[in-house]
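Written below as C-alpha cells is the structure these notes are about.
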Amino acid sequence: MKSETIELLSSRELDKMRTAGRLAAELLCYLEPLVKPGVSTLELNDEAERWTKAQGAKSAPLGYKGFPKSICTSINEVVCHGIPNAKQILQDGDIINIDVTPIVDGYYGDTSKTFFVGTPSPLAKKLVEVTHECLKRGIAEVKPDARIGDIGAAIQEYAEAQGFSVVRNFVGHGVHRVFHTAPEIPHYGKRGTGKRMRAGMVFTIEPMINEGTWEVDVLEDGWTAVTQDRKLSAQFEHTVTVTADGVEILTLPGRG
Ligand code: MF3
Ligand code: CO
Ligand code: CO
0 MKSETIELLS SRELDKMRTA GRLAAELLCY LEPLVKPGVS TLELNDEAER WTKAQGAKSA
60 PLGYKGFPKS ICTSINEVVC HGIPNAKQIL QDGDIINIDV TPIVDGYYGD TSKTFFVGTP
120 SPLAKKLVEV THECLKRGIA EVKPDARIGD IGAAIQEYAE AQGFSVVRNF VGHGVHRVFH
180 TAPEIPHYGK RGTGKRMRAG MVFTIEPMIN EGTWEVDVLE DGWTAVTQDR KLSAQFEHTV
240 TVTADGVEIL TLPGRG
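Residues 0 to 255 (numbering that gives the first Met the number 0) are what the sequence shown spells out, left to right.
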C-alpha cells in the first residue's frame with residue numbers, strides 16, 4: 000500500500016465519488032431507525048443489502064478478502080470488522096458502529112457511525128461524543144500543503160486529553176475505484192510529518208477510540224477486532240477530498 004502512488008482525481012471522478020458517498024451516507028440514515036433493542040445484526044445487514052441493491056449499487060464488503068457479509072457491525076468492545084450474525088441481538092445500552100461501503104459506477108463511498116441502542120451509560124456517551132469530535136478535528140486539518148501526520152496528531156491530542164486511547168492497528172486509507180489504497184491515514188502521530196496533501200486526493204478518516212488500552216486482538220473468525228481489555232471502542236468515518244482551499248466531505252446525505 001505504501002509504495003502505491005496517491006491518485007489525484009479529476010472533477011469527473013470526484014462527481015462519481017460524490018454520488019457514491021451520498022448513497023453511503025443515505026444508507027446509514029436508512030439503517031438508523033432500525034437500531035433498536037431486539038434487532039439482530041443480521042437483520043441490519045440484510046436490510047442494508049436489500050436497500051443497496053434497490054439503488055442499483057453493490058456492497059463492497061461482501062466477498063472482500065473473504066468477508067462474508069455486506070456491512071460491518073461492531074458492538075461495544077468490538078473495534079471494527081464485526082460480522083453480522085442472526086444470534087447477535089442488540090441490547091439496551093449497547094453502542095454499535097455500522098460501517099457501509101456501496102460501490103456506484105465503480106466508485107466506493109466509505110462511511111461509518113456509532114449508534115446508541117436505547118439509553119447509553121454516561122461513559123459510553125462520552126466515548127462516542129469524543130470519537131465524533133476526533134473525526135471532526137481530523138477533517139479540520141485537511142487542506143492543500145498540510146501534512147497527513149497533522150490529521151492523526153489532532154485526533155490523538157484530543158482523544159488522549161479526554162482520557163481515551165487511539166487504535167494503531169487500523170488506519171484510514173485512500174479510496175476511489177479501489178477500496179483500500181494509498182495514502183494510509185494514521186489516527187495518531189506528529190504534526191509536520193507525512194506526505195503533503197494535494198487537491199484531488201481522496202481518503203477516509205476513521206478514528207477508532209478506546210476507553211482503555213489501544214491494543215486489539217482479532218478473534219478466530221479472522222475479522223472481528225476487539226479491545227485487548229474488552230473495554231469499549233467507538234468509531235466514526237467519512238470519505239473526504241482535498242479541495243483547492245480546504246476539504247469536502249463526500250459522505251454526507253443529500254439535501255431535501
Ligand atoms: N469499511 C471498512 C473500512 O472503513 C472496511 C471493511 S473491510 C471488510 O475500511 F471486509 F471488513 F468489509
Ligand atoms: Co468503512
Ligand atoms: Co474505510
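Glycine included, C-beta positions come from ideal geometry on N, C-alpha and C. Bear in mind that the values here come from a model prediction, so they are computed numbers and not experimental data.
Open item on the list: Given 8 Å as the limit, tell me if A181 has its C-beta closer than that to any heavy atom belonging to ligand 1.
Closed with: Counting from one through the sequence shown, the residue named residue 181 turns up at place 182. Within the chosen limit of 8 Å, ligand 1 does not reach the beta carbon of A181 with any heavy atom.
Task: Minimum length 3: unbroken beta strand (DSSP E) runs contained in the region 72-149 - done: Within the region 72-149, the complete beta strand (DSSP E) runs of at least 3 residues are 77-79, 94-99, 101-103 and 110-115.
Open item on the list: Taking only three categories from DSSP, how would you classify D244?
Closed with: Taking the first residue of the sequence shown as position 1, residue 244 is located at position 245. In the three-state DSSP reduction, D244 falls in the coil class, being neither helix nor strand.
- [ ] Would you tell me roughly how many angstroms separate the C-alpha atoms of T118 and G92, rounded to the nearest one?
- [x] In the sequence shown, the residue the question calls residue 118 occupies position 119. In the sequence shown, the residue the question calls residue 92 occupies position 93. Taking the straight line from one Cα to the other gives about 5 Å.
TODO: Locate the alpha helix (DSSP H) running through D45, then write down its first and last residues.
DONE: Walking along the sequence shown from the start, residue 45 turns up at place 46. T40 to A53 is the span of the alpha helix (DSSP H), which, as asked, contains D45.
Open item on the list: What does the alpha-carbon distance come out to for the pair S111 and L22?
Closed with: By one-based count along the sequence shown, residue 111 stands at place 112. By one-based count along the sequence shown, residue 22 stands at place 23. Each residue's alpha carbon lies about 12 Å from the other.
Task: CA-to-CA distance, G137 to E183, given in whole angstroms - done: What you label residue 183 is simply residue 184 of the sequence shown in a count that begins at 1. What you label residue 137 is simply residue 138 of the sequence shown in a count that begins at 1. E183 and G137: Cα-Cα distance of roughly 14 Å.
TODO: Taking the CB atoms as reference points, tell me whether L33 and L43 lie closer together than 9 Å.
DONE: Working through the sequence shown from its first residue, we reach residue 33 at position 34. Working through the sequence shown from its first residue, we reach residue 43 at position 44. Contact flag set, yes.
Task: Reduced DSSP secondary structure (H/G/I, E/B, other) of P185 - done: Here residue 185 refers to the residue found at position 186 when the sequence shown is read from its first residue. In the three-state scheme derived from DSSP, where H, G and I count as helix and E and B as strand, P185 is classed as coil.
Task: Outcome for Y63 when other beta-carbon atoms lying within 10 angstroms are tallied against a minimum of 16 - done: Start at 1 with the first residue of the sequence shown, and residue 63 comes out as number 64. So Y63 ends up on the exposed side.
Open item on the list: At a cut-off of 8 Å, would you count D45 as near ligand 2, judging by its Cβ distance to the nearest heavy atom?
Closed with: Translated into the one-based positions of the sequence shown, residue 45 becomes position 46. For ligand 2, no non-hydrogen atom lies closer than 8 Å to the CB of D45.
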